[in-house]
Every structure is written in C-alpha cells, then in structure tokens.
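Letter by letter, the sequence shown follows residues 0 to 315 of numbering that gives the first Met the number 0. In what follows, a structure is listed as structure tokens, so that the remarks can point back to it.
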Amino acid sequence: MLKEIVIKDFRSEKGVEHSDITLSYELAGPSLGSAPIVVVNHALTGNSSVTGEKGWWNKLISDEGGIPLSHYTIISFNIPGNGYDGRESTDPESFSLKDIAALFIKGIESLGITEVYCIIGASMGGSLTWQMAHLRPQLAKKIFPIACDYRASDWLLTQTLIQKQILANSSDPLRDARIHAMSCYRTPQSLNVRFNSTQEEQEQLYDVERWLLYHGDTLKKRFKLSAYKVMTHLTYSIAVCKTALELAQIHSDIHMVSIDSDLLFTHDRAVDTYNELSDIKNNITLDTINSIHGHDAFLMEYEQLNRIVKPHFPTL
0 MLKEIVIKDF RSEKGVEHSD ITLSYELAGP SLGSAPIVVV NHALTGNSSV TGEKGWWNKL
60 ISDEGGIPLS HYTIISFNIP GNGYDGREST DPESFSLKDI AALFIKGIES LGITEVYCII
120 GASMGGSLTW QMAHLRPQLA KKIFPIACDY RASDWLLTQT LIQKQILANS SDPLRDARIH
180 AMSCYRTPQS LNVRFNSTQE EQEQLYDVER WLLYHGDTLK KRFKLSAYKV MTHLTYSIAV
240 CKTALELAQI HSDIHMVSID SDLLFTHDRA VDTYNELSDI KNNITLDTIN SIHGHDAFLM
300 EYEQLNRIVK PHFPTL
C-alpha cells in the first residue's frame, strides 16, 4: 500500500524553491523500527513495489532470495514524476538525480530514521544509491550499487540523447523509445541465441521484431510519456562526483556488482572504479554477474545475484 510524506521547502540543484513535494513510498517486511532497514531504489521503469506477488524484484527480496523479507524492513520510494502514485510532472527536467537523492534522504529522516542497514539499487537506481551514500556518507552500513556507474559515461549520454530525440520526434514516442532501449538492455549474443533469425510461417515480421514491438506496446499500457521523459533526464543527469576517488568519503561497506556483458553501464568502468577505490579503502568488493544477456541480467540471473547478495543479509 502506498504511503506519503510531504517534504517542505526544498531547493533544487537548479535553484528552484519548492514549497512542498509529495514522496510516495511502500514498506514491506517487519514493522518499521523492529528490524534492520533496507532502502531499495528503483530503475527507469520501476516503482516502489519491489516485493510481493507483483514486485519487480521479488526474486531477490523474499525469504527464498538474497534479502530475507521476514528479517529486514524494506523501504522503497517512488521517484517523483514516475507516475506510479498518479502524479505527473509538467517539467521532466525539474530535478537531477542529486535532487532525488536529497529528497529520499529527507524522506528517510521524516520517518525518524537516522541510519539504515543497506541501500541497494540497480541501473539508475544503483547510481542513485551511490549518490545517496555520497551525500550522507554515514547513512548506511552497506551499499549495493548494481549494474550502474557513479557518473554518466559518454556512451550513456549518447544513448540518452537518442532516447530524448525519439521522445521528441516520434509519432509513437514511448513505444519507439522502448524498442531502442531494449537494444541497450540486451546483447547481440542474447538476441541471436534466443531468436536465431526465426520467422513464423505466414508472418511478415521476424520473431525478434515481434518481441521488440511487444515490449514497446507493453510499456505503453503501464507507463506515461511524461514519466519516461522524467526518468530519461534523470539517467542523463547521473553525476555523483567527477572522480572515483571522491567516493572514498563514503563510510559504508561498498559492494559493487557489475555485469560482464552490460552494454549500457559497461563492466570496464566498474572495474576501474573498484581498482581506484580499493587502493585506499579496504571495505569495498566487486562481484561480477556472468551472462550473455547484458544489462537486464540483474533482472534475469537471480541465481548469481542471490548468491552474491545473500551472505551480506544474515537472518537474525
């Protein structure tokens, strides 16, 4: 069930004063204050429903997964403008990812929480995890930035520009943007192995084309164009700091997870970040998910992901 917090008198990175901003969120697991707290940050088309029957990360956050739900309280906020709470944004570029991190921290504080056990997120949600920890270095005991980067690479900026151009110029912008995005979320090998240039009899489209159109049409049914524009801009705005060494101020244990075939947040950048930080921090690890599926492996390779995460979430 969605709950709400109103954040008063917030000044954005642009210098715009907001008298009040409503944050919607969900709680799962033991009641607040009775168990260690895990903050879960959603990705571009995600939301606050991370666990339960319809939870998009329920294979990770459950008693059978890496984060045992009966032992940890889960808090997940909706990024303002993602549309999940029925609110739409009239200005998709009103906030940066740094603003969202600051809002989430204020939301946590509004709940009377001064420290959490872990902040975890993947893709843009992983970058948001980096950002929250950088803004409040002692907030979390652990952080798990998964399949992400602390700063938008030139490759990521290229993809977000293409997305913005599609959103601005296509006659079917949400569907077409999603079709393009799927080519970044998967890999050539993943699609070639799955479809093998097959085409059903009397079908004009190849199976891979029908699959792409299906994903585009499916997103149109559950997501709004304004929300996609907001989330695309936030991806573009990933800029926690200029160098990895600036992340050394984070007190939390840092558990990075990368995907060896990721085309969006490439593995080599995660390795570089880890190498720079591990020279000056001894509480950092980097685990790699091995997969042909690319960026979406954080939503597919649960056996590996759970094996990586589970040792850090003991049952109490």
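Using N, Cα and C, we set each Cβ at its ideal position, and we do this for glycine too. Being a predicted model, the structure only gives us computed values, none of them experimental.
Exercise. Who are the near neighbours of Thr272 in its chain, counting only those whose CB is closer than 6 Å to its CB and skipping five residues on each side?
Worked result: Ala243
Exercise. Grouping DSSP H, G and I as helix and E and B as strand, with all else coil, what is His250?
Worked result: coil
Exercise. Among the residues of its own chain, which have a CB less than 7 Å from the CB of Pro172, if the five just before and after it don't count?
Worked result: Apart from the 5 residues on each side of it in sequence, Pro172 sits with its Cβ closer than 7 Å to the Cβ of Ile165, Leu166 and Leu224 in its chain, given in chain order.
Exercise. If you compare alpha carbons, which of Phe264, Asp216, Val207 and Lys309 is closest to His254?
Worked result: Lys309
Exercise. Comparing the CB of His311 with every heavy atom of the ligand FMN, is any distance shorter than 6 Å?
Worked result: As far as ligands go, the structure on display features none, and thus does not contain the ligand FMN.
Exercise. Going by beta carbon distance, what residues of the same chain come within less than 6 Å of Tyr83, once the five residues before and after it are set aside?
Worked result: Asn46 and Asn77
Exercise. Going by other Cβ atoms of all chains shown within 10 Å of its Cβ, with 16 needed for buried, is Gly85 buried or exposed?
Worked result: exposed
For this session: Could you check which residue in Ile4, Leu218 and Leu263 has the C-alpha nearest to that of Thr157?
Result: Leu263
Exercise. CB-CB under 7 Å to Met181, same chain, minus the five flanking residues each way: which ones, in chain order?
Worked result: Leu211 and His214
Exercise. Are at least three pairs of beta-carbons, each pair with one atom in the segment 67 to 77 and one in the segment 24 to 43, less than 8 Å apart?
Worked result: yes
For this session: Just the C-alpha distance for Trp154 and Arg268, rounded to the nearest angstrom, thanks.
Result: So the alpha carbons of these two residues sit roughly 11 Å apart.
Problem set entry | Nearest neighbour of Lys2, chosen from Glu63, Pro91, Ser88 and Ser109 [CA to CA] | A check of alpha carbon separations from Lys2 across Glu63, Pro91, Ser88 and Ser109 identifies Ser109 as the nearest.
For this session: Assign Glu16 to one of three DSSP states: helix, strand, or coil.
Result: strand
Exercise. Given a threshold of 16 other Cβ atoms within 10 Å of its Cβ, counted over all protein chains shown, does Met0 qualify as buried or as exposed?
Worked result: exposed
Problem set entry | Pairwise C-alpha distance: Gln198 and Lys97 | 45 Å
For this session: Would you mind reading off the limits of the beta strand (DSSP E) that contains Glu3?
Result: Lys2 to Arg10
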